[in-house]
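Residue numbers (my numbering), protein chains in the order written: chain Y, 184 to 380; chain A, 184 to 380.
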């Protein structure tokens, strides 16, 4: 049995962590980004499909290229954040299964329809996006996940060479500026959205 | 800036954690389930939509009711696990936004199409499912996420009174039995599925 995390770690991951609208000037380095991915990739995916594809946007040019396709509020956040990651999904993720799930040589044929591939890619890239958010928090960073952007235009700008990859959501990364956030929004009581059978 | 988690915590969450096929006899209590939800609900969702709906299956009757709609391998895991959670999604989650996102009284009208509601519910309930998996690990439990079941039949059996709620995926919960797992599957190098711009 694994040792439970202490209160400080639970705060960092869940309880006092917040989504940030702005960040301090502290950078997010390539080493930081690689460290976040090294944790993210360990999270479980269905048949180890690793369906997410990540674009890490850190230069002023890349930020501007992404910001132009975001809602005006989100564009400003992207321009000012140290980094933003685009979480994409590979709709032909199954072609990678021969090496990701090597003990089942037919696994790549388990997703014969476009609908099955889309559902699996969307679900699992979302899971991996959540792992990434919590991995970043675990390493001391803050995040600002967002879905307010033009997916088709982002796909054209960032995944033109990979037509089977589609954007899912994006997230800013950095060290959060406490003055950029408001009071925490309400959270449901257990009884509201849970059944215990 | 938040303090990064220590190596033991990163191991518990990501590095040595595994998806389990079987568990010890140690129970998952109602208090454990509530503690997992109290962390899960703190994770970020778009406009705080909290689109996931959770059914925690702990009695022999409820396990059997769920197991009959799972693939044969998964059915056996469900019958033997101390608990299994069904992560569902509310396709009319937007009706809850007046109290979950109170500063924007029109937020419930931001999702006018079935497609917009489905995409947002599926993405965010998947994120919340991932928060749940990591919250369970953070509290010392192990998990076994699965999508091999008949969604329509599970919806009919568990969400008949909530026709707008659809199952997303399920996960067994308990204290993992190390003899139930195989070697870890390969993980991609950073360069394989990442671009740094």
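Heads up, the beta-carbon is just placed ideally off N, CA and C, and yes, glycines get one too.
None of the values given here were measured: they were computed from a predicted structure.
Beta-carbon separation (whole angstroms), residue 280 of chain A vs residue 230 of chain A, contact threshold 8 Å: Locating residue 280 of chain A in the second chain gives position 97, counting from the first residue. Locating residue 230 of chain A in the second chain gives position 47, counting from the first residue. Confirmed, Cβ separation roughly 6 Å.
Residue 309 of chain Y, buried or exposed, once every other Cβ within 10 Å from all chains shown has been counted against 16: Taking the first residue of the first chain as 1, we reach residue 309 of chain Y at position 126. By the 10 Å Cβ count, residue 309 of chain Y comes out buried.
Run of the alpha helix (DSSP H) containing residue 359 of chain A, from where it starts to where it stops: Sequence index remark: in the second chain, residue 359 of chain A carries index 176 (1-based). Where residue 359 of chain A is concerned, there is no enclosing alpha helix (DSSP H), given that its DSSP letter is neither H nor E.
Chain Y within 7 Å of residue 342 of chain A, Cβ atoms only: Position 159 of the second chain holds residue 342 of chain A. Judged by the 7 Å Cβ criterion, residue 342 of chain A is not in contact with chain Y.
Interface residues of chain A facing residue 238 of chain Y [CB-CB closer than 7 Å]: Indexing the first chain from 1 puts residue 238 of chain Y at position 55. Residues of chain A passing the Cβ test: 378, 380.
Backbone secondary structure at residue 270 of chain Y - three-state DSSP: What you label residue 270 of chain Y is simply residue 87 of the first chain in a count that begins at 1. Reduced to three states, the DSSP call for residue 270 of chain Y is strand.
Beta-bridge partners of residue 206 of chain Y, as assigned by DSSP: Taking the first chain and counting its residues from 1, one reaches residue 206 of chain Y at position 23. DSSP lists Y/359 as partners of residue 206 of chain Y.
Beta-bridge partners of residue 296 of chain Y, as assigned by DSSP: Position 113 of the first chain holds residue 296 of chain Y. In DSSP, residue 296 of chain Y forms no bridge with anything.
Assigned exposure category for residue 243 of chain Y - 16 Cβ within 10 Å defines buried: To locate residue 243 of chain Y, count along the first chain from 1; it is residue 60. Answer is exposed; the Cβ neighbour count stays below 16.
Spatially closest choice to residue 238 of chain A from A/376, A/370, A/337, A/367, by CA coordinates: By 1-based counting over the second chain, the position of residue 238 of chain A is 55. Of A/376, A/370, A/337, A/367, the residue nearest in Cα terms is A/337.
Three-state secondary structure (DSSP) of residue 310 of chain A: The residue labelled residue 310 of chain A in the question sits at position 127 within the second chain. Helix, per DSSP.
The segment 317 to 328 of chain A touching the segment 210 to 224 of chain A, judged by at least three CB pairs closer than 8 Å: yes
C-alpha distance - residue 311 of chain A paired with residue 355 of chain A, whole-angstrom precision: Translated into the one-based positions of the second chain, residue 311 of chain A becomes position 128. Translated into the one-based positions of the second chain, residue 355 of chain A becomes position 172. One C-alpha to the other measures close to 16 Å.
Residue 257 of chain A and residue 357 of chain A closer than 7 Å at C-beta: Here residue 257 of chain A refers to the residue found at position 74 of the second chain. Here residue 357 of chain A refers to the residue found at position 174 of the second chain. Contact: no.
Inter-residue CB distance, residue 132 of chain A and residue 217 of chain Y (contact presumed, cutoff 8 Å): The question about residue 132 of chain A has no answer here: the residues shown for chain A are numbered 184 through 380.
For residue 237 of chain Y, the first and last residue of its enclosing beta strand (DSSP E): The residue given as residue 237 of chain Y occupies position 54 in the first chain. Residues 235 to 240.
Candidates A/283, A/288, A/276, A/286: closest to residue 296 of chain A by CA position: The residue you call residue 296 of chain A lines up with position 113 of the second chain. Checking every option, the nearest Cα to that of residue 296 of chain A belongs to A/276.
Residue-level contact to chain A via CB, residue 315 of chain Y, 7 Å cutoff: Taking the first chain and counting its residues from 1, one reaches residue 315 of chain Y at position 132. Not closer than 7 Å to any Cβ of chain A, the Cβ of residue 315 of chain Y fails to qualify, so no.
Per-residue contacts from residue 202 of chain A into chain Y (C-beta, under 9 Å): Here residue 202 of chain A refers to the residue found at position 19 of the second chain. The contacting residues are 227.
Same chain, Cβ closer than 6 Å to residue 307 of chain A, neighbours up to 5 away in sequence not counted: Within the second chain, numbered from 1, the residue matching residue 307 of chain A stands at position 124. So the list reads 228, 229, 232, 234, once near-sequence residues are dropped.
CB contact below 7 Å: residue 289 of chain A versus chain Y: In the second chain, the residue the question calls residue 289 of chain A occupies position 106. Not one chain Y Cβ lies under 7 Å of residue 289 of chain A.
Residue 328 of chain A versus A/341, A/359, A/340, A/344, residue with shortest Cα-Cα distance: Start at 1 with the first residue of the second chain, and residue 328 of chain A comes out as number 145. Out of A/341, A/359, A/340, A/344, A/359 has the C-alpha closest to the C-alpha of residue 328 of chain A.
Endpoints, alpha helix (DSSP H) assigned at residue 223 of chain A: In the second chain, the residue the question calls residue 223 of chain A occupies position 40. Where residue 223 of chain A is concerned, the enclosing alpha helix (DSSP H) stretches over 213 to 223.
Helix, strand or coil at residue 348 of chain A [DSSP, three-state]: Here residue 348 of chain A refers to the residue found at position 165 of the second chain. In the structure shown, residue 348 of chain A sits in a strand (DSSP, three-state: E or B).
Endpoints, the beta strand (DSSP E) within which residue 326 of chain Y is located: On the first chain, residue 326 of chain Y is found 143 positions in, with the first residue counted as 1. Where residue 326 of chain Y is concerned, the enclosing beta strand (DSSP E) stretches over 325 to 329.
Local conformation of residue 377 of chain Y per DSSP, three classes: The residue given as residue 377 of chain Y occupies position 194 in the first chain. Note: residue 377 of chain Y maps to strand in three-state DSSP.
Candidates Y/372, Y/351, Y/379: closest to residue 268 of chain Y by CA position: The residue you call residue 268 of chain Y lines up with position 85 of the first chain. Considering only alpha carbons, the answer is Y/351.
Helix, strand or coil at residue 353 of chain A according to DSSP, with G and I counted as helix: In the second chain, the residue the question calls residue 353 of chain A occupies position 170. It is a strand residue.
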